[in-house]
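Asker: Okay, here's the structure, questions in a sec.
In the working numbering, the protein residues as written are 5 to 189.
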């Protein structure tokens, strides 16, 4: 049996928080981040694991980044919200329950606002939260670092796209290993 801090495919889901087009011009690493998130989304879909994506007030901030939208089916259901925490969207929590997801792999924008509040609410609700540190950002590096520090101090597990995927697969004989390896190399 794996350590409690290692991701388990039977309990894991990906939550992408607010990676929206309006941030493209104000977050210096947006293009790199959107690409990394799109790889995570593609990989979770290859592994047949749940993917949830929230959008903060899309009327004002636009829709999810094109890089991510392009790897999803046209009928994918995005979860719109106005609260900074994604947990303010009832549809999200019911989705976690329906998928039996207790380990949430979280990424998105901005680290010190919506990601921070989401992560703390998830921890408060008893979820194991793994943060893809290579897939979070803020407009300023100082705000990102403050958000990361607070989340990690609160019990979030630091991870990366590659780390999370290899934990989920557990073995190079996994049926999706070659396909996942091609995505991340």
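C-beta atoms are modelled at their ideal positions from N, C-alpha and C, and glycine is treated no differently.
1. Count the C-beta pairs between the region 151-158 and the region 118-126 that are closer than 8 Å, then say yes if the count reaches three, no if not.
2. Looking at the structure shown, is residue 114 part of a helix, part of a strand, or coil, going by DSSP?
3. Given that a residue counts as buried once 16 or more other Cβ atoms are within 10 Å of its Cβ, and exposed if not, what is residue 93?
4. Figure out for me which residue from 55, 96 and 60 has the closest Cα to the Cα of residue 77.
5. Looking only at its chain, what residues have a beta carbon closer than 7 Å to the beta carbon of residue 96, apart from the 5 residues adjacent to it on each side?
6. Would you kindly work out how many angstroms separate the C-alpha atoms of residue 133 and residue 160, rounded to a whole number?
7. Over what stretch of residues does the alpha helix (DSSP H) that includes residue 35 continue unbroken?
8. Excluding the 5 residues preceding and the 5 following residue 180 in the sequence, name in chain order all residues of the same chain whose CB lies nearer than 6 Å to its CB.
9. Which residue's Cα is closest to the Cα of residue 6: 19, 31, 163 and 171?
10. Contact defined as beta carbons within less than 8 Å: I believe residue 23 pairs with residue 38. What is the distance between those atoms, to the nearest angstrom?
11. Could you tell me which residues DSSP pairs with residue 59 in its beta bridges?
12. Contact between the region 65-74 and the region 98-105: three or more CB pairs below 8 Å?
13. Going by beta carbon distance, what residues of the same chain come within less than 6 Å of residue 42, once the five residues before and after it are set aside?
14. Classify residue 102 as buried or exposed, calling it buried when 16 or more other Cβ atoms lie within 10 Å of its own Cβ.
15. Taking the straight line between their C-alpha atoms, what separation do you get for residue 162 and residue 136?
16. Mind checking who residue 21 pairs with in its DSSP beta bridge?
17. Take residue 148 and list the residues in its own chain whose beta-carbon comes closer than 8 Å to its own, dropping the five residues that flank it on each side.
18. Are residue 217 and residue 109 close, meaning C-beta to C-beta below 8 Å?
19. Looking at the structure shown, is residue 68 part of a helix, part of a strand, or coil, going by DSSP?
Answerer: Considering the structure as presented:
1. Touching, per the Cβ criterion.
2. DSSP, reduced to helix, strand and coil, places residue 114 outside both helices and strands of the structure shown, so it counts as coil.
3. By the neighbour-count criterion, in which a residue is buried when 16 or more other Cβ atoms sit within 10 angstroms of its Cβ, residue 93 is buried.
4. Checking every option, the nearest Cα to that of residue 77 belongs to 55.
5. If we look at residue 96 and ignore the five residues flanking it on each side, its Cβ neighbours are 56, 58, 83 and 90.
6. Distance between the alpha carbons of residue 133 and residue 160: 5 Å.
7. Here the alpha helix (DSSP H) through residue 35 covers 34-50.
8. Here the set comprises 50 and 51.
9. Ranking the options by Cα distance to residue 6, first place goes to 171.
10. Here residue 23 really is in contact with residue 38; their C-beta atoms are around 6 Å apart, less than 8 Å.
11. Looking at the DSSP assignment, residue 59 forms a beta bridge with 84.
12. No, they do not touch.
13. Result list for residue 42: 71, 72 and 75, in chain order.
14. By the 10 Å Cβ count, residue 102 comes out exposed.
15. Straight through space, the alpha carbons of residue 136 and residue 162 are spaced by roughly 7 Å.
16. Residue pairing for residue 21: DSSP places it in a beta bridge opposite 58 and 112.
17. 114, 115, 116, 140, 141 and 142.
18. Because residue 217 is not part of the residues shown, which for the chain are 5 to 189, the question remains open.
19. In the structure shown, the three-state DSSP call for residue 68 is strand.
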